[in-house]
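For the record, in the sequence shown the residue sitting at position 496 is 496 according to full-length UniProt numbering, with numbers rising by one throughout.
To start, the structure under review is shown below, and the notes come after it.
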Amino acid sequence: MLHGLIHVVFRDFVLDNFGDAAWKKILARAGIENAATILEMKHYDDNLTFTAVKIGAEVAGAPLDAALELFGGYFVDFAIRSGFMKLLRSLGGNLHEFLGNLNILHHNVERDLPAAIFPLFEVGSLTTYEEGHYSFRVDYASSRPGLDALLKGALTRVALKLFQSDLEVDTKLKVGVSGGFSTEEKVANELHWQLTVRKPDKPHAEEKVELPQGGYSFFDFHSALTSYMCCQCERDEPESMVLVNTKPIMDEKEDWEQEVAAILREKRRQLEPVIGGKACPDEQHLYFHLNEVERVQVGAVLFRASSADQVSSPWTASELEDTEYFWGAYTKLDNFYAKSEDWLLPSKTPQGIKYEKRDKVRFLSQSWGIPKEWDELMGSCSYAQAKAAEICCVSKDLAARDLGSTSRWKEVFYWVDKCCIPQGDQELTGWCVNLLEEYIIFCDGLVVLVPWTYFTRLWCVYEWVCFLLVHSPMDIEICADPFMRDSTMPLFLDAIGNFKLANCQCFREDDRPVLFNKVAEYYKSVEHFEVFLKFTAIALFARCTAQRRSGKATSALEPWRYLAERQGFTVLAKKLEEMKTLLPKWRQYAVEDAEGGSGGGTHDVQTAVLKQVEAWFEKDICPLINKRRQESCSVTGMQKIEALRRAAGKVLLQEKVSSL
């Protein structure tokens with residue numbers, strides 16, 4: 001099945017290159033009386049599209065391959081004019097990185113196009129001759145044959161428009177011992193090309209970029225291209241394409257200061273029965289002189305959450321500008337606090353005031369500072385934009401899992417420090433900082449945005465390990481796709497393999513003793529804390545790697561297996577070796593099922609693989625993490641966690657109430 005946007009682009013391609021008379025002739029010969037019937041944002045039968053393209057080539061008097069090559073380049077231009085230059089540039093600083101990251105993009109898009117079986121791209125090692133002049137091998141596998149020329153046209157245009165370079169394609173490369181796919185998937189078309197990229201002697205003239213009339217969502221645009229390049233099976237349900245229109249994060253009401261002031265007055269009123277009249281006998285915060293139930297009560301009053309549409313957006317130019325300010329601006333103001341909502345609602349019961357959770361909420365853990373190597377390693381990709389777009393992607397996963405549809409991603413909620421802590425109120429901020437464990441108890445999962453510098457931030461590593469004291473490893477979602485590339489992989493391995501708590505940094509040095517005291521409170525020693533973090537980081541990154549879409553996923557697991565072995569985690573290393581042998585089998589079974597080999601009802605290959613990965617991880621790896629937790633935590637630390645759980649059970653009602 002092919003997406004209607006392909007027809008829109010094809011129409012514009014014909015009109016721009018061959019004129020209105022050619023377009024009308026194509027419609028007539030294809031037996032299409034009303035062009036509007038093929039221009040809707042939905043999927044159409046392959047034969048209709050291929051017939052129109054073939055007739056178009058005949059009408060233009062051009063060979064089919066030449067027409068397809070021109071059309072591939074035109075589609076890239078259309079995407080850029082539609083506002084997706086930032087998305088495309090985020091995939092790499094050169095064509096080698098760009099193609100190496102296409103599978104990650106497809107992995108993200110599969111959230112919204114579960115019926116698609118996407119092509120695979122694998123790139124070989126880079127040979128650099130001089131600055132801007134390099135060569136590499138690309139292997140391509142697709143379920144749809146006959147589109148070599150379209151791919152060549154698209155790649156040539158990407159090289160020109162994104163990297164101001166010329167591309168030479170050697171299509172006669174044969175498969176050798178160093179090339180091809182390790183996957184056993186059946187494909188209708190497999191290409192092995194040598195690409196040579198060089199800067200032109202004279203820079204190409206800049207072309208004016210104009211947005212087309214009307215707007216298309218990213219998923220309309222990508223569905224069109226990928227449905228053309230891959231196999232698109234029938235969907236069990238009608239597809240819903242959502243064009244998100246996010247409100248600007250800083251489009252504040254004029255009276256936000258009064259609104260925040262009113263919220264904080266109400267907070268103090270609700271806190272009065274718990275902490276009123278209590279005084280600190282020493283220099284410690286009053287938090288440390290409350291019992292577990294009182295701490296949970298204070299936490300319930302102050303706990304807030306923010307919806308995904310306030311802190312994330314898809315990869316579209318206008319929407320990213322709204323959320324980029326939130327993630328890019330380091331200043332933490334109370335106007336952001338006005339964007340969050342109370343999440344635990346007070347309710348009178350015979351036992352006193354108890355709190356009802358409105359719905360599920362996740363703790364969002366991430367590092368605010370831009371990694372110092374960012375520009376060098378990531379090129380023009382914006383750190384703030386990458387975070388906003390990745391949260392949108394994971395929100396779609398959570399919406400599909402919890403709410404039944406990716407289109408409901410705006411209904412996913414997060415605890416984010418920037419908008420859930422009243423940064424302008426020193427007293428209440430002090431309470432929120434000390435209530436980390438209580439907040440994690442309230443949350444249903446941990447979403448971690450992990451650049452390679454994550455494990456150098458003191459708050460980040462404590463949030464990671466604290467969550468694992470309370471919750472299952474299955475409740476952690478690692479978001480590393482925008483940050484993990486061949487160039488950054490050594491930095492991830494070094495950060496985890498050489499992790500030392502003493503080397504971690506924090507923005508406010510006053511926080512350091514607070515966090516070190518928490519480590520001493522819950523762990524047998526700093527060394528036990530460090531080993532637990534390394535073990536869980538390796539295990540969870542291996543899980544994340546196995547979830548990613550790649551024909552060479554097994555080789556991508558090897559660095560994590562080797563790191564586990566080097567750290568002395570022998571059992572974990574053996575388990576990851578086992579996963580390397582299982583992963584291609586799972587994918588092959590899923591492909592056969594998608595092709596109807598087992599008569600299964602699903603055509604979603606990646607979802608089937610993910611289910612296998614998750615089931616295996618829960619059965620084989622989670623027990624290892626739980627055992628390591630018992631070995632690392634102190635008896636008194638675990639007793640405190642259990643006391644906190646019991647206290648939460650006394651303060652929180654089990655039933656949820658509907659969202660406001």
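Every residue gets a Cβ at the ideal spot worked out from N, C-alpha and C, and that includes glycine.
In its chain, beyond the 5 residues on either side, G430, N434 have a beta carbon closer than 7 Å to the beta carbon of H285.
In the three-state reduction of the DSSP assignment, D255 falls in the coil class. Bounds of any alpha helix (DSSP H) do not take in Q284, whose DSSP letter is neither H nor E. Here V613 really is in contact with R543; their C-beta atoms are around 7 Å apart, less than 8 Å. Only residues of its own chain outside the window of five on either side were considered, and among them none has a CB closer than 8 Å to the CB of E509.
When beta bridges are read from the DSSP output, S135 appears opposite T127, T196.
Bridge partners of A305 according to DSSP: E341. By the Cβ test, the segment 48-66 is not in contact with the segment 88-95, since fewer than three Cβ pairs between them sit closer than 8 Å.
In chain order, M474 place their CB closer than 7 Å to the CB of E618, counting only its own chain and leaving out the 5 sequence neighbours on each side. Residue burial is scored here from C-beta neighbours: M489 has fewer than 16 other C-beta atoms within 10 angstroms and is therefore classed as exposed.
Between A539 and E190, the alpha-carbon positions lie close to 33 Å from each other.
Shown here for K500: not one same chain residue has a beta carbon closer than 6 Å to its own, the five before and five after excluded. CA-to-CA, the gap between R269 and A400 works out to about 38 Å. DSSP places L458 inside the alpha helix (DSSP H), whose first and last residues are 458-470. According to the DSSP secondary-structure assignment, R362 is paired through a beta bridge with Y414, G445. Here L583 is near T554, since their CB atoms are less than 8 Å apart. Between the segment 443-453 and the segment 350-369, the count of C-beta pairs closer than 8 Å reaches three or more; the two stretches touch.
The three-state reading of DSSP puts F71 in helix, counting H, G and I together. Listed in chain order, the non-local C-beta contacts of A648 below 7 Å within the same chain comprise V296, I441, local neighbours out to five positions each way being set aside. Taking a contact as a CB-CB distance under 8 Å, the pair G100 and V123 counts as one, their CB atoms being some 5 Å apart. Distance from A608 to D593 at the Cβ level is roughly 6 Å; contact confirmed, criterion being Cβ atoms closer than 8 Å.
A Cβ-Cβ distance of about 6 Å is found for the pair V311 and F326, placing them in contact under the 8 Å criterion. Assignment of S407 by DSSP, reduced to helix, strand and coil, places it in the helix class. Inter-segment contact for the segment 408-424 and the segment 347-366 is present: three or more beta-carbon pairs are separated by less than 8 Å. Burial check for R646: the Cβ neighbour count within 10 Å stays below 16, so the residue is exposed. In the DSSP assignment, D148 falls within the unbroken alpha helix (DSSP H) covering 148-163. In the three-state reduction of the DSSP assignment, E477 falls in the strand class.
Inclusion of Y522 and L572 in the CB contact set at 8 Å is not warranted, their separation being larger than that value. When rounded, the separation of the alpha-carbon atoms in R265 and N503 is 40 Å.
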